Amino acid sequence: MNKQLLRKNVLYILVCTATIVLSSAASLQAQMQRDVMVNAIFERYVYLTAGNKVQFETRNLSQQCDPVLNLISPRGVEVAANDNGAGGFAARITYTPPASGYYTLIVRARSTARSGTADIYKNNAQFQTNVAFGGRLLILANLRNKESIQTVKLPRGDNGSHRIYLLNVNEVNIVARGANTAAGNAAILKLTTTPNTNKIIVGSTGVGGMLRLIRNDAAILWHDPDQDGLGTELETELGSCSFRSGFAKGFDCRLVADPRDTDGDGISDGWEVLGRSDITPTQPLPKWGANPRHKDLFIEVDFMRRTSEENTGNVNLKMSPASARQFAAIYADSFTVSPLLKLYHATILQNPDLVPGISAHLDIGLEPASPADATIYGNWGGFNAVNAIVSGSDYIGLDPNVAWKTNLREARLGIFRYALGYSSGGGSCGNTYACAFNFQDNFNPAHEYGHTLGLGHSGPYGATGNVDPNCKPNYASHMNYAFYGQSKAGFSDGNGAPALNNASLKEWKAVSPSKTLYLDVLEKIFRYWVDRTNGHVDWNRNGVFEPEGQTVRAYANYRPGAACEYTRYNKTIINGAQTTTTPILARMGNRLYMFYTNGGTLKYKYSTSTWNCPEPGTAGCANGTWSSEKNAGMLSVGVDVANDGNGLRVVSVEWSGKIMEKRLQLDVIFNREVWTSARQIPGSAQGEPSISYTRTSTYLVYKGTDLLIHFNKWVNGRWQGDRIAYSAANTPVKSTSQWAFPAIIQTYLPWKPGVKSLYALVPAADAKLDLWYYNPATNLWELTNVIEGGRVGPIHSKPSMAYVPYRGSSETPGRVYMVYIKQSQPGAVFNGQVRMKMSYVKTTLNPDSTYTKEEKIGLDSYFDNSWFYAYGMSLYFDRGQDTNLRAVSTIGSEENKLNVVFRPKADGINDFSYTNYNDWEVLRLNLCKQVVNPGGLVSNPINCTSATLPQEAAIEATQREEKATDKNPLKVFPNPFFNNVQVSFSLPVTQVASVKIYDLQGIERATLFQGEAQANQTYPLEWQASHKAAGIYLLQLQTPGKRYQQRLLLAK
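Residue numbering for the sequence shown is -25 to -1, 1 to 1027, as defined by mature numbering (1 follows the signal peptide of the UniProt record, and there is no 0).
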């Protein structure tokens, strides 16, 4: 189209638009719906007495206006009308009612252009002053019996009560009146005969504005085959389906599960177009943004009171607008910028309008702050504050799955989901109809509601059994804690990242350099060192890319600052073991011991299980057991244990401050334990001691009753003597009066590169941690700068450190792990959140293209998640015996409180393959399911059964199977694509194979390969599809024993 023609068409459109708005009688003709601007009309009920003549007239008219008066009887029939009976343009009616009752007086304009204001006089007395009147005159062609004319309220449109008047051919008399009985006080006029007129007046008792006028042919015989309340002619114009066949404005109606619900969101097309008015309160869904060709998510968000004080104080908190906007932005796919990806996402979601995302509409009990918020949130009549309930001796919030049954109106069933919000903490949502979340947080509501739609932290619920590997770097979804809270994190589309396994990670060419977004994630969010040119990734953070053919073990889904939860698998509660202090692990022979204090005495258990769990799970390790509880015969408020080659050295501190020790050995002949008698170690300690053994030295460190740090060394079969730790400045190292204690380790750190040295984590006077190095040459302690990010804390209990070599064949190099318990409240002596750090090599690119590498203890994060609380925790690794870092902790949360739990994979290194998933596919399948029939209370609910075409159903099943096992040999790039797509495949054995392209009707469109494929040879292929229609195609690799498929999206 040339520029001159384009300007001509634009001008034509502008002229036509002006004509539609300004003409006195715009014609709808074949249109079944359109948006029109209306202004005010005046209606007033007046009580008239039988036999008493009454006169109404208009006076003091504004310039150029022309009012018409109509009087409607209590039975809805016009009894009087007049246009210019009072002289000039003024109107007058005189009427003697035969019966008493309330009559309706109407003042409207004769035509759209003749609106204005006037005073109304009744029997020559002033009745109303400065009445605004108007109305929009429209001509509707071919009106039929049984047809309905209806108004629909729009976002940011007119907010008054609507009226429709069917006029006589003289345009003065009203033949029929449609009052405000439709949803939200919109108007509906049902024709009971074929009228001999085609003119209507549409108006509002409000100030006026935009509304939608709809002609609905549903009541005409055979015009509503799907029984959604919309006629076939209307649905054709709307682009919604009446049958599960054919196309609706380009959308394949064979894809729908129920033709009453074209977009598959679980809400009837009729309700999305007209609102719901069969039950009160009516639900004007179009006003709130509903669209039958785009998936909608309606949620009523009530306030959950959680205390008796909130009940008695009548507290009413509401969801913050910022949180509502972020919720809507995430579900609308607002952060995808590529037009190609937007189209891909819309296609996966099966939105008929090909617009990506789901439109969220939240009833939060607040008026929109701006016009842009009108469809995101509002005060739509549903908000409630739900009282807390009594639970034992306390009050708790009511379960949302109970609360909705008494707080959600019947009219909202089959439309709205339900949530309870509060102002602090996290959420508690599962794959259920209702949900509870922190509605003052900008990210928690959207994340939690994703759980109700079938998404876990790592993809679809159940996709990987009971294992939910959180923080996957290859799953860029806000459902993933690694991306949670990122301002532009939305839902994943399953593209761009291969599968990972923490037990076997390839560093050399781990990622294609073309995957720039994935490399950005690894580099900026996970803080990995990556070589963007070659695609190398330093998964184990040791400053080296392992060469081709080698793999490393690492916690690849560990995101600094996040709560990645991958250290919890195979954990086991050690039955019968309870304590409020730090439990300790130590190995002797084939026994793994666990010591703990209980009631002021020292207890222990042991296990002969290997705890080398091959697969992650939620129920411990197979055959993992612990012995019955045994008594060590020592008083104790704190303990530490080390195997010094002659058995276990057990050091215990009593309440009195005495430091006592015993030795435990095994009599291998009789398979029995042998304890030495207890003996006192010089010094006076407070709380929990710390002991460290190497082949050359054994050290003991503790906080003295003088709140100074003390240490002792085992030399020549005896303790050398109690000594105060002095700093390099020759001042004593002070600690805190709080319940917090030092921990030591002999390990390798960069303070003394390559030298195994003694280091101590010391809670200073403020209970924050400092890392000290002991210099044996000077007997002084040096404050190090190895910990990255400043001092952490305040802490309580005793921190813990453990050293794990990168490879079992050599002691060095390796990694130091550190855990500490952060106080829940400063100075409080009770459970707190467990946090974790680890040593790593920080690699920085210099301006001259060289690298600076510096080892630090950093990458601070939650050990499990923010809800994991403990009274005490310790780490343990025995090289040559253990496959993973072990941990044992005292549970601090209410469930199983004070019990000791054992974690055999405390380093997050699980032998488990995890991959990327397409959230939009899960949302498409689950959006409908929970909303259509909550509690079985909806009659004739929408059917949500998946209705993908046979070929597409097969491909989806195959994709899920192959993606879960990461064995699909088909590789495709790019996808979606515009004209050409690159395809490759490689098979493990020589065999006959074919690669073909099919459309969704199963018709073969191209053959890319046919013949014998040699083993382990990659076959590059290309499909040139510039001459093909845009849409979804199916790529299929067929071998004698198996079929592999993948969906392709061709965009134009």
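Note that beta-carbon positions come from the ideal geometry of N, C-alpha and C, so glycine has one too. Bear in mind the structure is a predicted one, so any value in this text is a computation, not a measurement.
- Task: Assign N954 to one of two classes, buried (16 or more other C-beta atoms within 10 Å of its C-beta) or exposed (fewer than that).
- Result: For this step, residue 954 is matched to residue 979 along the sequence shown. Under this definition N954 is an exposed residue.
- Item | Span separating the alpha-carbon of L983 from that of N117 | Looking up residue 983 in the sequence shown gives position 1008. Looking up residue 117 in the sequence shown gives position 142. Their Cα atoms are separated by approximately 55 Å.
- Message: With a threshold of 6 Å on Cβ separation, who are the neighbours of S295 within its own chain once the five nearest residues in sequence on each side are excluded?
- Response: Counting from 1 along the sequence shown, the entry for residue 295 is found at position 320. Cβ neighbours of S295 beyond the five flanking positions: Q415.
- Item | Helix, strand or coil at I371 according to DSSP, with G and I counted as helix | Indexing the sequence shown from 1 puts residue 371 at position 396. Strand.
- Message: Mapping the DSSP letters down to three states, classify N419 as helix, strand or coil.
- Response: Here residue 419 refers to the residue found at position 444 when the sequence shown is read from its first residue. The answer is helix: DSSP assigns N419 an H, G or I state.
- Task: Write down every uninterrupted run of the beta strand (DSSP E) in the stretch 834 to 896 whose length is 3 residues or greater and which is fully enclosed by it, in chain order.
- Result: 844 to 851, 861 to 866 and 874 to 878
- Task: List the endpoints of the continuous beta strand (DSSP E) containing N286.
- Result: The residue labelled residue 286 in the question sits at position 311 within the sequence shown. No beta strand (DSSP E) contains N286, which is instead part of the alpha helix (DSSP H) from S283 to T287.
- Query: Quick one: does Y568 have its CB under 8 Å from some CB of chain D?
  - Reply: Considering every chain present, this structure includes no chain D. It has just one protein chain.
- Spatial neighbours of A378 within its chain, please: CB distance less than 8 Å, with the 5 preceding and 5 following residues excluded, ordered by chain position. Against the sequence shown, residue 378 aligns to sequence position 403. Cβ within range, chain order: D277, M279, V361, Y393, L395 and A409.
- Using a Cβ-Cβ cut-off of 6 Å (strictly less than) and excluding sequence neighbours within five positions of T104, which residues of its own chain qualify? Residue numbering aside, residue 104 sits at position 129 when the sequence shown is read from its first letter. These residues qualify, in order along the chain: D94.
- Task: Could you spell out the range, first to last residue, of the alpha helix (DSSP H) harbouring P296?
- Result: Residue 296 sits at position 321 when you count from the first residue of the sequence shown. Element bounds for P296: P296 to Y306.
- So, helix, strand or coil for H771, using DSSP? Residue mapping note: residue 771 aligns to position 796 of the sequence shown, counting from 1. In this structure, H771 counts as coil in the three-state DSSP scheme.
- Message: For L560 and V649, what's the separation of their Cα atoms in angstroms?
- Response: As a working note, residue 560 is residue 585 in the sequence shown. As a working note, residue 649 is residue 674 in the sequence shown. The straight-line gap from Cα to Cα measures roughly 18 Å.
- Message: Taking 8 Å as the threshold (C-beta atoms), are E385 and I548 in contact?
- Response: On the sequence shown, position 573 is the one that residue 548 refers to. On the sequence shown, position 410 is the one that residue 385 refers to. No; because the gap between Cβ atoms is not below 8 Å, this pair is not in contact.
- Where E936 falls, given that 16 or more other Cβ within 10 Å makes a residue buried: Counting from 1 along the sequence shown, the entry for residue 936 is found at position 961. Note that E936 scores a pLDDT of 38, beneath 50, so its modelled location is shaky; the value from the coordinates is reported in the next line. E936 comes out exposed.
- Task: Determine contact between the stretch 119 to 132 and the stretch 21 to 29, defined as no fewer than three beta-carbon pairs at a distance below 8 Å.
- Result: no
- Message: D58 and R89 - do their beta-carbons sit closer together than 8 Å?
- Response: Locating residue 89 in the sequence shown gives position 114, counting from the first residue. Locating residue 58 in the sequence shown gives position 83, counting from the first residue. In this structure, D58 does not lie closer than 8 Å to R89 by Cβ.
- Query: Would the stretch 744 to 759 and the stretch 591 to 598 be scored as touching if the rule is three or more Cβ pairs under 8 Å?
  - Reply: no
- For the candidate residues P725, N943, L736 and E498, whose alpha-carbon lies nearest to that of P769? Looking up residue 769 in the sequence shown gives position 794. Nearest C-alpha to P769: L736.
- So what does P995 bridge to, in DSSP terms? Against the sequence shown, residue 995 aligns to sequence position 1020. Its beta-bridge partners are S959.
- Task: Decide if I684 is buried, meaning its Cβ has at least 16 other Cβ atoms within 10 Å, or exposed.
- Result: Counting from 1 along the sequence shown, the entry for residue 684 is found at position 709. So I684 ends up on the buried side.
- Message: Just to check my reading of the structure: G469 and N891 have Cβ atoms closer than 8 Å, yes? What is that Cβ distance to the nearest angstrom?
- Response: The residue given as residue 469 occupies position 494 in the sequence shown. The residue given as residue 891 occupies position 916 in the sequence shown. Contact holds; Cβ gap of about 5 Å.
- Quick one: which unbroken alpha helix (DSSP H) runs of 4-plus residues sit fully inside the stretch 324 to 403? Chain order, please. 375 to 382
- Message: Less than 7 Å separating the Cβ of T33 from some heavy atom of the ligand GDP?
- Response: The model on display carries no ligand, and the ligand GDP is accordingly not part of it.
- Query: Do three or more CB pairs link the stretch 836 to 849 to the stretch 511 to 518 at distances below 8 Å?
  - Reply: no
- Query: If you draw a straight line from the alpha carbon of I390 to that of S252, how long is it in whole angstroms?
  - Reply: Counting from one through the sequence shown, the residue named residue 390 turns up at place 415. Counting from one through the sequence shown, the residue named residue 252 turns up at place 277. If I take the Cα positions, the gap works out to 13 Å.
- Query: To which residues of the same chain is F218 closer than 8 Å at the C-beta, ignoring the five residues directly before and after it?
  - Reply: Start at 1 with the first residue of the sequence shown, and residue 218 comes out as number 243. Excluding residues within five positions, the ones whose Cβ falls inside 8 Å are P200, D201, C228 and P234.
- Go to W689, then tell me how far its beta strand (DSSP E) extends in each direction, as first and last residue. For the purposes of this step, residue 689 is taken as residue 714 along the sequence shown, with counting starting at 1. Segment I684 to V690, the beta strand (DSSP E) holding W689.
- Item | Classification of S313 by the beta-carbon crowding that lies within 10 angstroms, buried from 16 upward | Here residue 313 refers to the residue found at position 338 of the sequence shown. That one is exposed.
- Message: For the beta strand (DSSP E) containing W650, name the first residue and the last one.
- Response: Translated into the one-based positions of the sequence shown, residue 650 becomes position 675. Its beta strand (DSSP E) spans residues R647 to W650.
- Shortest alpha-carbon distance to L373 belongs to which of Q30, F412 and T585? Start at 1 with the first residue of the sequence shown, and residue 373 comes out as number 398. Nearest C-alpha to L373: F412.
- Query: In the stretch 610 to 674, which residue ranges form an unbroken beta strand (DSSP E) of at least 3 residues, counting only runs that do not cross its ends?
  - Reply: 613 to 618, 623 to 628, 634 to 642, 647 to 650, 654 to 656 and 660 to 668
- Can you give me the Cβ contacts of E423 inside the same chain, cut-off strictly under 7 Å, excluding the 5 residues immediately before and after it? As a first step, residue 423 must be located in the sequence shown, where it is residue number 448. Cβ neighbours of E423 beyond the five flanking positions: G402, C404, C410 and F412.
- Just how far apart, CA to CA, sit N376 and V643? By 1-based counting over the sequence shown, the position of residue 376 is 401. By 1-based counting over the sequence shown, the position of residue 643 is 668. Rounded to the nearest angstrom, the two C-alpha atoms are 58 Å apart.
- Collapsed DSSP secondary structure at residue 1028 in the structure displayed: Past the edges of the chain, shown from -25 to 1027, lies residue 1028, and the structure says nothing about it.
- Task: Would you be able to state if there are at least three C-beta pairs under 8 Å between the stretch 204 to 222 and the stretch 156 to 164?
- Result: no
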